[in-house]
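**Student:**
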Amino acid sequence: GRDVPPASGVEYNEERAPNMKEIGVGEIATVMGRFYAMDRDNMWDRVGMAYNAMVNGEGIKTDDAVEAVKKSYETIDGDGKHLTDEFVMPTVCSKGESISENDSVIFFNFRPDRAREITRTFVDPDFKGFERKAFFPLYYVCMTQYDAEMPNVHVAFKPETLVNTMGEVISKHGLKQLRIAETQKYAHVTFFFNGGEEKVYPGEDRVLIDSPKISTFDLKPEMSAYEVCDAACERVLSDKYDVVILNYANCDMVGHTGVFDAAVKAVETVDECVGKLADATLKMNGVILITADHGNADKMYEDDGSPFTAHTTNPVPLIVAGYGTDFKLKEKGGRLCDLSPTMLDIMGIEKPKEMTGESLIER
6 GRDVPPASGV EYNEERAPNM KEIGVGEIAT VMGRFYAMDR DNMWDRVGMA YNAMVNGEGI
66 KTDDAVEAVK KSYETIDGDG KHLTDEFVMP TVCSKGESIS ENDSVIFFNF RPDRAREITR
126 TFVDPDFKGF ERKAFFPLYY VCMTQYDAEM PNVHVAFKPE TLVNTMGEVI SKHGLKQLRI
186 AETQKYAHVT FFFNGGEEKV YPGEDRVLID SPKISTFDLK PEMSAYEVCD AACERVLSDK
246 YDVVILNYAN CDMVGHTGVF DAAVKAVETV DECVGKLADA TLKMNGVILI TADHGNADKM
306 YEDDGSPFTA HTTNPVPLIV AGYGTDFKLK EKGGRLCDLS PTMLDIMGIE KPKEMTGESL
366 IER
């Protein structure tokens with residue numbers, strides 16, 4: 006449902022069936038969209054439907070997983086949208102069996118944020134998100150470490166320990182830092198930004214603003230951007246922090262819906278909020294850097310006119326304001342790994358040897 010065409014799931018299922026027949030192992034037991042099984046916003050009613058399909062055999066019944074997905078494409082929800090891959094309802098295949106006591110489960114998702122909730126339903130004896138009919142032992146393998154505190158899991162590829170990430174360097178210099186985002190991007194400014202570490206560094210504060218509890222973000226393209234903006238501006242103007250790391254979710258999350266008018270509103274919202282944040286930063290004689298790690302809302306249609314819902318690989322800008330005029334940015338190149346060295350350069354802090362990127366500032 007993401008980073009691929011929104012109705013490509015049928016092709017993957019059609020490819021999988023002959024492969025399983027060839028090796029003589031495997032049946033498709035359940036099929037469902039990431040809307041249910043890969044939630045990251047504590048929407049436990051959705052996650053519960055995914056869990057109950059896999060464990061209790063509850064959900065739409067089918068004899069053919071491919072046909073079930075095709076039928077979903079033809080179904081229109083209350084908002085007038087077709088139920089494409091992301092929104093396929095939890096469906097139980099008649100030939101498949103449910104997950105049972107002492108089974109082995111391999112979860113091959115490598116990114117933690119959308120794997121944590123569904124994993125917790127299987128492995129956490131103290132789980133309280135919804136009522137499970139039973140909790141039983143499994144041999145549960147995660148492809149990567151989803152959460153260092155998660156019990157009863159085996160990790161296939163353990164995390165590398167990163168030393169002297171941006172947050173750690175700031176902390177070592179005795180500076181104060183703020184991480185702020187709404188729920189959909191909170192992990193990005195905390196866990197991911199800290200190199201896959203959950204720990205909070207000395208001098209690091211975090212502010213989480215709840216994302217709207219709605220099915221798809223085209224229904225409210227503003228999301229919680231204004232609340233994030235107000236909270237961030239208040240803290241910038243307090244002069245308490247040396248560094249603020251903020252992520253606006255709108256252009257990505259609304260871009261994924263494929264709804265053009267909503268994406269336009271998302272871009273307008275972020276534009277307004279970035280302007281307010283820039284004004285607050287410059288008022289405090291600060292420097293603001295504006296960039297992205299990928300595109301999304303910059304392309305909303307396929308060549309055939311159908312919605313485009315994936316990320317793009319288009320170049321993204323880097324805007325630096327408030328640093329005076331006695332510098333210029335390198336005109337060519339530039340990588341994500343160059344951002345921290347650039348920030349440290351602006352702050353007058355020597356980058357550690359572990360940072361392989363280079364400052365993009367030219368004087």
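The sequence shown runs 6 to 368 under the working numbering. Using N, Cα and C, we set each Cβ at its ideal position, and we do this for glycine too.
1. Could you name the residues that DSSP lists as bridge partners for Cys98?
2. Report yes if the CB atom of Ala254 is closer than 9 Å to the CB atom of Ala186, and no otherwise.
3. Classify Leu180 as helix, strand or coil using the three-state DSSP reduction.
4. According to DSSP, is Pro226 part of a helix, a strand, or is it coil?
5. Under 8 Å by Cβ, that's how I've got Pro89 and Ala12 pegged, so tell me the actual separation to the nearest angstrom.
6. Suppose contacts are defined by Cβ-Cβ distances below 9 Å. Is Gly362 in contact with Leu341 by that definition?
7. Hey, how far is the Cα of Glu136 from the Cα of Asn61?
8. Determine the direct distance from the alpha carbon of Lys288 to that of Arg45, and round the result to whole angstroms.
9. What does DSSP give as the partner residue(s) for Pro312 in the beta ladder?
10. Determine the DSSP secondary structure at Ala58, reduced to helix, strand or coil.
11. Is His261 helix, strand or coil by DSSP?
12. If you run the structure through DSSP and keep just helix, strand and coil, what is Ser109?
13. Tell whether a beta-carbon distance below 9 Å holds between Asp276 and His316.
14. Please give me, in chain order, every unbroken run of the beta strand (DSSP E) with length at least 3 that falls completely inside the stretch 125 to 201.
15. On the DSSP letters alone, give me the boundaries of the alpha helix (DSSP H) that Val30 sits inside.
16. Report buried or exposed for Lys190, applying the criterion of at least 16 other Cβ atoms within 10 angstroms of its Cβ.
17. Figure out for me which residue from Gly38, Ile28, Gly31 has the closest Cα to the Cα of Val15.
18. Terminal residues of the continuous alpha helix (DSSP H) containing Leu344?
19. Please name the residue, chosen from Gly101, Ser103, Asp84, Glu79, that lies closest to Val93 on a Cα-to-Cα basis.
20. I need the boundaries of the alpha helix (DSSP H) containing Arg211, first residue and last residue.
21. Leaving out five residues before and five after Tyr144 in sequence, what residues of the same chain have Cβ atoms less than 6 Å from its Cβ?
22. How about Phe127 and Met148: do their beta carbons lie closer than 9 Å?
23. Tell me which residues share the same chain as Thr188 and place their Cβ nearer than 6 Å to its Cβ, disregarding the 5 neighbours each side in the sequence.
24. Given that a residue counts as buried once 16 or more other Cβ atoms are within 10 Å of its Cβ, and exposed if not, what is Met3?
25. Please name the residue or residues paired with Ile294 in a DSSP beta bridge.
26. Less than 9 Å between the beta carbons of Ile33 and Gly101, yes or no?
27. What does DSSP give as the partner residues of Val248 in its beta bridges?
28. Write down the C-beta distance between Gly263 and Thr314 rounded to the nearest angstrom, noting that I regard them as a contact closer than 8 Å.
29. On a Cα-Cα basis, can you pick out the residue from Tyr328, Gly327, Ile295, Tyr306 that is closest to Val321?
30. Check whether the Cβ atoms of Gly134 and Arg121 sit closer than 9 Å, and answer yes or no.
31. Can you tell me where the alpha helix (DSSP H) with Arg39 in it begins and where it stops?
**Tutor:** For this structure:
1. As a first step, residue 98 must be located in the sequence shown, where it is residue number 93. DSSP lists Thr67 as partners of Cys98.
2. Residue numbering aside, residue 254 sits at position 249 when the sequence shown is read from its first letter. Residue numbering aside, residue 186 sits at position 181 when the sequence shown is read from its first letter. In this structure, the beta-carbon distance from Ala254 to Ala186 falls below 9 Å.
3. Here residue 180 refers to the residue found at position 175 of the sequence shown. In the structure shown, Leu180 sits in coil (DSSP, three-state: anything other than H, G, I, E or B).
4. Locating residue 226 in the sequence shown gives position 221, counting from the first residue. Looking at Pro226 - three-state DSSP - the assignment turns out to be coil, as it is neither helix nor strand.
5. What you label residue 89 is simply residue 84 of the sequence shown in a count that begins at 1. What you label residue 12 is simply residue 7 of the sequence shown in a count that begins at 1. Reading off the sequence, residue 89 comes out as Thr, not Pro. Their Cβ separation, rounded to whole angstroms, is 5 Å, which keeps Thr89 and Ala12 in contact under 8 Å.
6. Counting from 1 along the sequence shown, the entry for residue 362 is found at position 357. Counting from 1 along the sequence shown, the entry for residue 341 is found at position 336. Yes. Within cutoff.
7. Here residue 136 is taken as the residue at index 131 of the sequence shown, counted from 1. Here residue 61 is taken as the residue at index 56 of the sequence shown, counted from 1. Answer to the nearest angstrom: the Cα atoms are 13 Å apart.
8. Here residue 45 corresponds to residue number 40 of the sequence shown, with the count starting at 1. Here residue 288 corresponds to residue number 283 of the sequence shown, with the count starting at 1. Rounded to whole angstroms, Arg45 to Lys288 spans 36 Å at the Cα level.
9. As a position in the sequence shown, residue 312 is number 307, starting the count at 1. DSSP output for Pro312 lists Tyr306 as bridge partner(s).
10. By 1-based counting over the sequence shown, the position of residue 58 is 53. In the structure shown, Ala58 sits in a helix (DSSP, three-state: H, G or I).
11. Your numbering for residue 261 matches position 256 in the sequence shown. Of the three classes helix, strand and coil, the one that applies to His261 here is coil, per DSSP.
12. Your numbering for residue 109 matches position 104 in the sequence shown. Ser109 falls in the strand class under three-state DSSP.
13. Counted from its first residue, the sequence shown places residue 276 at position 271. Counted from its first residue, the sequence shown places residue 316 at position 311. No, the Cβ-Cβ distance between Asp276 and His316 is not below 9 Å.
14. The qualifying runs are 144 to 149, 159 to 162, 182 to 187.
15. Translated into the one-based positions of the sequence shown, residue 30 becomes position 25. From DSSP, Val30 is part of no alpha helix (DSSP H); its letter is neither H nor E.
16. Along the sequence shown, one-based indexing puts residue 190 at 185. Its Cβ being crowded by 16 or more others within 10 Å, Lys190 is buried.
17. Taking the sequence shown and counting its residues from 1, the one referred to as residue 15 is at position 10. When only C-alpha atoms are compared, the closest one is Gly38.
18. Taking the sequence shown and counting its residues from 1, the one referred to as residue 344 is at position 339. Taken as a continuous stretch (DSSP letters only), the alpha helix (DSSP H) holding Leu344 covers 344 to 352.
19. By one-based count along the sequence shown, residue 93 stands at place 88. If we check each option's Cα against that of Val93, Glu79 comes out closest.
20. By 1-based counting over the sequence shown, the position of residue 211 is 206. That residue, Arg211, is in no alpha helix (DSSP H); its beta strand (DSSP E) goes 209 to 214.
21. For the purposes of this step, residue 144 is taken as the residue at position 139 of the sequence shown. The answer, listed in chain order, is Ser109.
22. Counting from one through the sequence shown, the residue named residue 127 turns up at place 122. Counting from one through the sequence shown, the residue named residue 148 turns up at place 143. Going by C-beta atoms, Phe127 is not nearer than 9 Å to Met148.
23. Working through the sequence shown from its first residue, we reach residue 188 at position 183. Excluding its 5 nearest sequence neighbours in each direction, Thr188 has C-beta neighbours in its own chain below 6 Å: Asp46, Asp215, Ser216, listed in chain order.
24. Limits of the chain in this structure are 6 at one end and 368 at the other, which puts residue 3 out of reach.
25. For the purposes of this step, residue 294 is taken as the residue at position 289 of the sequence shown. For clarity, residue 294 is Leu in the given sequence; the question names Ile instead. DSSP output for Leu294 lists Val325 as bridge partner(s).
26. As a working mapping, residue 33 is identified with position 28 in the sequence shown. As a working mapping, residue 101 is identified with position 96 in the sequence shown. Going by C-beta atoms, Ile33 is nearer than 9 Å to Gly101.
27. Looking up residue 248 in the sequence shown gives position 243. DSSP, once it has assigned bridges, lists Gln182 as partnering Val248.
28. The count along the sequence shown starts at 1 and reaches residue 263 at position 258. The count along the sequence shown starts at 1 and reaches residue 314 at position 309. Right, the Cβ-Cβ distance comes to about 4 Å (below 8 Å), so this counts as a contact.
29. The sequence position of residue 321 within the sequence shown is 316, counting from 1. For Val321, the nearest C-alpha among the options comes from Ile295.
30. As a working mapping, residue 134 is identified with position 129 in the sequence shown. As a working mapping, residue 121 is identified with position 116 in the sequence shown. Not a contact, by the Cβ cut-off of 9 Å.
31. In the sequence shown, the residue the question calls residue 39 occupies position 34. Element bounds for Arg39: 39 to 42.
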